[in-house]
Ligand code: LLP
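Residue numbers (the working numbering): 6 to 423.
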């Protein structure tokens, strides 16, 4: 797990005091370290591009903040987008359509048309979607997401590649689908699979690659030469203090070796989301309340599952520390819980903390992936701000919503206004 430096007992993020950030921008607030973002991108790009032509398509569902997208655009990343909203956001951030690939699931004709009109390549998820696209945008560039029959992930809720999953072309239909796509006149560029998110071992990726390679060679037999294999995302990161990091260098070496030994494919595409943004960001949340029930001690903070839903939704572990008592000796065990009126609302269970008091700042680690992007206005709490830190300077990259934003798009019909 990533560690942070401190100065005089205060946690430092990107050279700036976490307490000053919380005071200046209010809490809860997501704080992203720009340099770490650049480093993560370069790490994964360098690991693979040593061996073969590599395209990193950042899975922007993990975090679509425009400033974060700008940094990755500058670094040379491409984009994996899952909705027209994500495609338009990335175009807005300055990505050209040729750097974006769209992989939707169960999408409407309207969305297919809108995506096709942007010029972004479509990675098809089903035979039905292919037939519909043939009407909407004949002869366009496409690839196919296949279901490799290999699944991996931190939770069953994010495991996607297993047989019978709702995603992709089932294995026994893949060759028939490529043959049909050729007949329909599509320009077929590649093959794609995504086994799931947050896996911690290399083996499932290799099992998936074996399946993809066999298919590439069968597809070649149809007279279709593919340009790329897209291995999806899913590279896990350590969330717990003693947890080991996945060896991305080993992953890259093994996968590119398999491709080069057994196929003519020249380009590997990856779609990491979590790996790129997860440890770039902490969520800062202020202690509002302390309660000792005799059974359990609670630290009540201003971020709940409206701000970070992962603990509640997936039982995910996020390390927490007191940013203003960094490295101090811990006194007792607490549950860190939020302001949402449900017992399932928690950030962390049974954590030792150094004498937490009202006003302290809790830093929630590894909040960059699927943190802000899954936040909501539940309990009518406005969505919080995002800040980026670079070289000791903190800048607002998203304003916190106001109370007015809560009812901005709502309409009271005339007959109810009296
Ligand atoms: N490619 C495709 C087609 C995907 O569906 C995903 C994630 C990715 C790439 C990126 O996966 P990553 O590298 O981030 O593991 N909300 C969950 C994670 C859901 C992931 C969905 N798909 C969480 O908070 O853990």
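In this text, a Cβ means the ideal position worked out from N, Cα and C, and glycines have one as well. Remember, it's a predicted structure, so these values are computed and weren't measured experimentally.
Check your understanding: Around the Cβ of residue 344, are there at least 16 other Cβ atoms within 10 angstroms (buried) or fewer (exposed)?
Key -> buried
**Study point:** Sequence-distant residues of the same chain with beta carbon closer than 7 Å to residue 253, five excluded per side
**Key:** Answer for residue 253: 48, 49, 52 and 240, listed in chain order.
Check your understanding: Where do the N-terminal and C-terminal ends of the beta strand (DSSP E) with residue 420 fall, by residue?
Key -> Where residue 420 is concerned, there is no enclosing beta strand (DSSP E), given that its DSSP letter is neither H nor E.
Point to revise | Limits of the unbroken beta strand (DSSP E) element including residue 194 | key: 192-197
Point to revise | For residue 55 and residue 83, believed in contact at Cβ under 8 Å, the rounded distance | key: Not really, about 18 Å apart at Cβ, beyond 8 Å.
Review point. If we count Cβ pairs, one from each stretch, closer than 8 Å, do we get three or more for the segment 396-412 versus the segment 321-335?
Key: no
Review point. Does DSSP put residue 413 in a helix, a strand or coil?
Key: coil
Review point. In the structure shown, what three-state DSSP assignment does residue 243 receive?
Key: coil
Check your understanding: Got a sec: does ligand 1 put a non-hydrogen atom nearer than 8 Å to the Cβ of residue 67?
Key -> yes
Point to revise | Residue ranges of each beta strand (DSSP E) within the segment 268-348, 3 or longer | key: 272-275, 286-297, 302-306, 325-327 and 337-342
Review point. With C-beta atoms as the reference, is residue 141 less than 9 Å away from residue 114?
Key: Yes, they are a contact pair.
Check your understanding: Going by DSSP, what residues sit across from residue 17 in a beta bridge?
Key -> 22
Check your understanding: Can we count residue 410 as close to ligand 1, meaning its CB is less than 8 Å from some heavy atom?
Key -> no
Check your understanding: What is the rounded straight-line gap between the Cα of residue 211 and the Cα of residue 218?
Key -> In this structure, the alpha-carbon of residue 211 lies about 10 Å from that of residue 218.
Review point. Leaving out the 5 sequence neighbours to the left and right, which residues in its chain are closer than 6 Å to residue 213 when beta-carbon positions are compared?
Key: Its chain contains 153, 155, 198 and 200 as the residues whose beta carbon lies nearer than 6 Å to that of residue 213, once the 5 sequence neighbours on both sides are disregarded; these appear in chain order.
Practice item. Write down the C-beta distance between residue 306 and residue 292 rounded to the nearest angstrom, noting that I regard them as a contact closer than 8 Å. Key: About 6 Å separates the CB atoms of residue 306 and residue 292; that is less than 8 Å, so the two are in contact.
Review point. With which residues is residue 62 paired in a DSSP beta bridge?
Key: 83
Practice item. Output the distance between the C-alpha atoms of residue 355 and residue 233, rounded to the nearest integer angstrom. Key: 46 Å
Exercise for review: Counting only runs of 3+ residues fully inside the segment 116-152, write out the beta strand (DSSP E) ranges in chain order.
Suggested key: 126-129 and 146-152
Point to revise | According to DSSP, residues forming a beta bridge with residue 204 | key: For residue 204, which the question treats as bridged, DSSP gives the partners 240.
Check your understanding: If we ignore side chains and look at the alpha-carbon of each, how far apart do residue 391 and residue 92 end up?
Key -> 21 Å
**Study point:** Assigned secondary structure, residue 215 (DSSP; H/G/I helix, E/B strand, else coil)
**Key:** helix
Check your understanding: For ligand 1, any of its heavy atoms closer than 8 Å to the Cβ of residue 199?
Key -> yes
Review point. Roughly how many whole angstroms lie between the Cα atoms of residue 100 and residue 256?
Key: 28 Å
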